[in-house]
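*Asks:*
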Amino acid sequence: MAERSAAALRRPVAVLLSRFPLVTETFILREVIEMERQGQPVRLVPLIREAPATVHPEALPWMRRALYTPLLSLAILAANARAVRRDPSLYARLLGRVLLGSAGSPHLFARTLALFPKCVYLAERLRQEGIAHVHAHFATHPALAALVISTLARIPYSVTVHAHDIFVRRALLPEKLEAASFVRAISRFNRDFLAARYPELAGKIEVIHTGIDPAGYAAALPAGPAEVSTLLCVAALKPYKGLSVLVEACRRLRNDGVAFRCELVGEGPERARLQSEILRARLQDRVRLAGALPQQEVARRLADATVFVLPSVVAPDGQMEGIPVALMEAMAAGRPVVASALSGIPELVTDGESGLLVPPADVERLVDALRTLLSDPARARRMGQRGRATVEREYRLNRVVGRLLERIDADLVPADENVLDAVAAAGWPGFSTHAIGVRRVHEGRDSTAAELLVPNGTGPREVVLKLHRDFAGQSSPPPERTRHEFETLCRLQDVFAGKRGLGVPRPLHLHAEHATLVLDACAGVPLDGLLREARWKGEATCRDAVAAVGRTGEWLRLLHGSTARDEPGARAVEDVAAGARADLAACITGLPPAVAGRLAHRVAILADEARPWPPMLVGRHGDFWPGNVYVTRERVQVIDFEGFGEGLAAEDVARFLVQIDLFYAYPGLAATRAALRAAFLDGYGRERVEASSYALCRVASALQALRRASGLPRGPRPWWRRRAILRLLAER
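Using the working numbering, the first residue of the sequence shown is number 104, and each one after it goes up by one.
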């Protein structure tokens, strides 16, 4: 084996958060994007799916990738039953512990009780996905979920504490932080706040700021003076933002004859009250509530602003700021800022240097600060420049995420030895980077496929490293199979060139001697997962699945049409019949003699019917089932061409449709199954399916599935699958 690369292989981490997407939590979205840019695969796990009116464009792909789960489902109930069966004492102790810790609040108790089964399911799911570390944003329910996952799945976790999660909602807080491998405080104020209350935890609390990319605000650097000064505030409309103080300050500025307009960007429960205050003060021509806006629009508003103002206060329940990201954005845009001197804000804004700080809820001081900056543009410009330098120096997103990853790396279990060896053996220049993320590893009978995240300076590149292995009954040794798959993919690039939405992964590198192949990863999700999800998820998901299956039929039609040869496939018919007889013989001991006899007779009859008029040969995939198809709304790509060769078109068609029948071989799903079959045949072209060869190939595919099912251990699911296959074989 080749000498190992010096590159570090990072296993995937899960990032837990309460809700997604939220327009107010762009800092979390930016962090996970930057984590992947630096080679750390992320599984985003929101506890609740949000459906806001405004969604940042950057959040859209993550909405499709996020692991959303309902509060309760059959899968969640089954996971909890398995957890109880494995260790009933641990399950009971954990449930009692979290419920007792939240018993002080009926509302919190009810939410904890509702979330617990989901957290148990997530523990099983994330362990199965190979997640190596869980990072929770906020020490409230996300940290509780991380505690449950860590206890049941033995996955280490960490927590980022922000604001309300330590200032207001402290149920089970010491227990959640004590069990964490480390605690990230976003400010020194937060660290000192926690250390004063929980001295025993002081050693595991580290200050790692949140950050932004200043380049995103370069276009907003100070321009010439505007005709009318603009005050801009970007904040959730909540009590601790102190927006009533700002409205009163605007009233006094207006009364003093100051020319200005003020815009409040954000949404929240205080909107109606603030609107009433604006009307009572007769400021509707000066102060405007702009609502929530996407990031790009906020950056544009910053470019037009004269002064950024954030008059935060301590709310009656103790809620206050951490270090507001909106302030970082304004400073990155070169804008002078006026903010309250509380919590971590003085760590970001140096009073008199990069901005002006005023006591919370002090209207007079706020008015004076605003008047000072509005009347002295030169001083305001200097403050804006110094503020941008502060953000560049201490709050750059890539630096703070790099520090976070260094800390997470200390807890990560090393990647699988086989993957390390395969990366070293592949010899692809792209693997020379210092950090590579291992998103997922698929172990098959004949190969290992690792989905890798490779940083390239601007954004991560998704690739697949495939390592072929020896296995019993292989047609050729791994190096030959690797070369065959590489050459097949190269040829198919021309077949699918210019065919919008249809394709195969692009081969990047071949090392036949070590049986390794590097490919561009496919976009989207495996079709088999979409089909399983659609079984019980309702009409919308079923529509998506039906559309994807129809496009898959189009993909197969293009493959067969582009590779057809004007030569009858008589030998291929015999090969299919021989394979069916071999599969039947392999599982005949588990079948009643009468059933086995009928199947053997049926194979012989179908082979006789197909022999006289064998269809033309085509390039057949060889393992065309939904697990080898990746789909998005716009695209279909197919993988795994190791078994590609000449054969009957009906082999691929039958293999795919048999799998559809087995996915939907449950009571009540007959109509959906029929819709999926019809969509595939419409996409492929019903007139292209030759009846006699299809009948033979369908029985052969079912017998192959029966042989595989016969090798599974005993249990309800294998039993049900064998019964479904036998029912399928009984059909005419």
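Just so it is clear, CB atoms sit at the ideal spot from N, CA and C, and this is done for glycine as well.
All values reported here derive from a predicted model rather than from experimental measurement.
For K569, which beta-bridge partners are listed by DSSP?
*Replies:* The residue given as residue 569 occupies position 466 in the sequence shown. The beta-bridge partner set that DSSP reports for K569 consists of A552 and L620.
*Asks:* Quick one: what's got a C-beta closer than 7 Å to G207's C-beta in the same chain, skipping five residues either side?
*Replies:* In the sequence shown, counting from the first residue as 1, residue 207 sits at position 104. Within the same chain, G207 has close Cβ partners A274.
*Asks:* For A326, is the classification buried or exposed, using 16 other Cβ atoms within 10 angstroms of its Cβ as the cut-off for buried?
*Replies:* For this step, residue 326 is matched to residue 223 along the sequence shown. Residue placement at A326 is poorly supported in this model, since its pLDDT is 48, which falls under 50; the coordinates still yield a value, given next. Exposed, because fewer than 16 other Cβ atoms sit within 10 Å of the Cβ of A326.
*Asks:* So, at 7 Å on beta carbons, what are the nonlocal neighbours of K344 in its own chain, with the 5 sequence-adjacent residues on each side left out?
*Replies:* Locating residue 344 in the sequence shown gives position 241, counting from the first residue. Result list for K344: A338 and S415, in chain order.
*Asks:* Leaving aside the five residues before and after R230 along the sequence, list all residues of the same chain whose C-beta is less than 6 Å from its C-beta, in chain order.
*Replies:* As a working note, residue 230 is residue 127 in the sequence shown. If we look at R230 and ignore the five residues flanking it on each side, its Cβ neighbours are A256.
*Asks:* Please determine if the segment 766 to 774 and the segment 647 to 663 are in contact, where contact requires at least 3 C-beta pairs separated by less than 8 Å.
*Replies:* No, the segment 766 to 774 is not in contact with the segment 647 to 663.
*Asks:* T157 to G746, Cα distance in whole Å?
*Replies:* Looking up residue 157 in the sequence shown gives position 54. Looking up residue 746 in the sequence shown gives position 643. Distance between the alpha carbons of T157 and G746 is about 47 Å.
*Asks:* Pairs of beta-carbons, one from the segment 596 to 613 and one from the segment 656 to 672, closer than 8 Å: are there three or more?
*Replies:* yes
*Asks:* Give me the Cα-Cα distance between A710 and M719, rounded to the nearest whole angstrom.
*Replies:* Taking the first residue of the sequence shown as 1, we reach residue 710 at position 607. Taking the first residue of the sequence shown as 1, we reach residue 719 at position 616. Rounded to whole angstroms, A710 to M719 spans 16 Å at the Cα level.
*Asks:* How close, in whole Å, do the beta carbons of A266 and G369 come, if the pair is a contact with beta carbons under 8 Å?
*Replies:* Within the sequence shown, residue 266 is the residue found at index 163, counting from 1. Within the sequence shown, residue 369 is the residue found at index 266, counting from 1. Actually they do not touch by this definition, with Cβ atoms about 16 Å apart.
*Asks:* How many angstroms separate the CA atom of L225 from the CA atom of V567?
*Replies:* Along the sequence shown, read from residue 1 onward, the residue named residue 225 stands at position 122. Along the sequence shown, read from residue 1 onward, the residue named residue 567 stands at position 464. Each residue's Cα considered, the two are about 26 Å apart.
*Asks:* Among S379, R780 and H571, which residue has its Cα nearest to the Cα of L900?
*Replies:* The shown model of the chain, from 104 to 835, leaves out residue 900, and the question about it has no answer.
*Asks:* Is the beta carbon of V237 sitting closer than 7 Å to the one on A249?
*Replies:* Within the sequence shown, the letter at position 134 stands for residue 237. Within the sequence shown, the letter at position 146 stands for residue 249. Yes, the Cβ-Cβ distance between V237 and A249 is below 7 Å.
*Asks:* If you drop the 5 nearest sequence neighbours on each side, which residues of the same chain put their C-beta closer than 8 Å to that of L218?
*Replies:* One-based indexing of the sequence shown puts residue 218 at position 115. The beta carbon of L218 sits closer than 8 Å to those of L150, L174, H244, L247 and A248, all from its chain and outside the five residues before and after it, given in chain order.
*Asks:* Among residues of its own chain, excluding the 5 on either side of A752, which ones have a beta-carbon nearer than 6 Å to its beta-carbon?
*Replies:* For this step, residue 752 is matched to residue 649 along the sequence shown. Contacts found: H663 and V721.
*Asks:* Would a C-beta distance cut-off of 7 Å place R572 and P581 closer than the cut-off?
*Replies:* Position 469 of the sequence shown, counting from 1, holds the residue named residue 572. Position 478 of the sequence shown, counting from 1, holds the residue named residue 581. The answer is yes: Cβ separation under 7 Å.
*Asks:* Taking the alpha-carbon of A525 as reference, which of V541, D512, V516 and I511 has the nearest alpha-carbon?
*Replies:* The residue labelled residue 525 in the question sits at position 422 within the sequence shown. Among V541, D512, V516 and I511, the Cα nearest to that of A525 belongs to V541.
*Asks:* Counting only runs that start and end within the segment 781 to 824, where is the alpha helix (DSSP H) found for 4 or more residues in a row?
*Replies:* 794 to 813
*Asks:* In the structure shown, what three-state DSSP assignment does A433 receive?
*Replies:* Looking up residue 433 in the sequence shown gives position 330. Correct three-state label for A433: helix.
*Asks:* In whole angstroms, what is the alpha-carbon distance linking G700 and L633?
*Replies:* For this step, residue 700 is matched to residue 597 along the sequence shown. For this step, residue 633 is matched to residue 530 along the sequence shown. Near 37 Å, if we compare the C-alpha coordinates of L633 and G700.
*Asks:* What are the complete beta strand (DSSP E) segments, minimum 3 residues, inside the segment 171 to 251?
*Replies:* 236 to 240
*Asks:* With distance defined between alpha-carbon atoms, name the residue in P427, D388, E432 and Q378 nearest to R403.
*Replies:* Here residue 403 corresponds to residue number 300 of the sequence shown, with the count starting at 1. Minimum Cα-Cα distance from R403 among the listed residues P427, D388, E432 and Q378 corresponds to E432.
*Asks:* For V516, name the three-state secondary structure that DSSP assigns.
*Replies:* Looking up residue 516 in the sequence shown gives position 413. The answer is coil: DSSP assigns V516 none of H, G, I, E or B.
*Asks:* Between the beta-carbon of T551 and the beta-carbon of L570, is there less than 7 Å?
*Replies:* Here residue 551 is taken as the residue at index 448 of the sequence shown, counted from 1. Here residue 570 is taken as the residue at index 467 of the sequence shown, counted from 1. A contact, by the Cβ cut-off of 7 Å.
*Asks:* DSSP beta-bridge partners for Y301?
*Replies:* In the sequence shown, residue 301 corresponds to position 198, counting from 1. Paired residues: none, contrary to the question.
*Asks:* Using DSSP bridges, identify the partner residues of A338.
*Replies:* Indexing the sequence shown from 1 puts residue 338 at position 235. Residue pairing from DSSP leaves A338 without any beta-bridge partner.
*Asks:* Can you give me the start and stop residues for the alpha helix (DSSP H) that V348 sits inside?
*Replies:* As a first step, residue 348 is located in the sequence shown; it is residue number 245 there, counting from the start. Secondary structure note for V348: its alpha helix (DSSP H) is the uninterrupted segment L346 to N358.
*Asks:* What do you get for I708, buried or exposed, if any count of 16 or more other CB atoms within 10 angstroms of its CB means buried?
*Replies:* Residue mapping note: residue 708 aligns to position 605 of the sequence shown, counting from 1. Burial call: exposed.
*Asks:* So what does DSSP say about M836, is it helix, strand or coil?
*Replies:* Absent from the model: residue 836. The displayed extent of the chain is 104 to 835, so no value can be given.
*Asks:* Does the segment 443 to 458 come close enough to the segment 479 to 495 that 3 or more CB-CB pairs lie under 8 Å?
*Replies:* Segments in contact, yes.
*Asks:* DSSP three-state call for I55: helix, strand or coil?
*Replies:* Since the first residue of the chain shown is 104 and the last is 835, residue 55 is not available in this structure.
*Asks:* Could you give the residue range of the beta strand (DSSP E) that holds E450?
*Replies:* Against the sequence shown, residue 450 aligns to sequence position 347. Counting along the chain, E450 falls outside any beta strand (DSSP E), though it belongs to the alpha helix (DSSP H) covering I448 to L451.
*Asks:* Since I believe F363 is in contact with L334 (beta carbons under 8 Å), could you give me their beta-carbon distance rounded to a whole number of angstroms?
*Replies:* The count along the sequence shown starts at 1 and reaches residue 334 at position 231. The count along the sequence shown starts at 1 and reaches residue 363 at position 260. The pair is a contact, with the Cβ atoms about 6 Å apart (cut-off 8 Å).
*Asks:* With distances taken from CA atoms, which of L216, R214 and P220 is nearest N183?
*Replies:* In the sequence shown, residue 183 corresponds to position 80, counting from 1. Among L216, R214 and P220, the Cα nearest to that of N183 belongs to P220.
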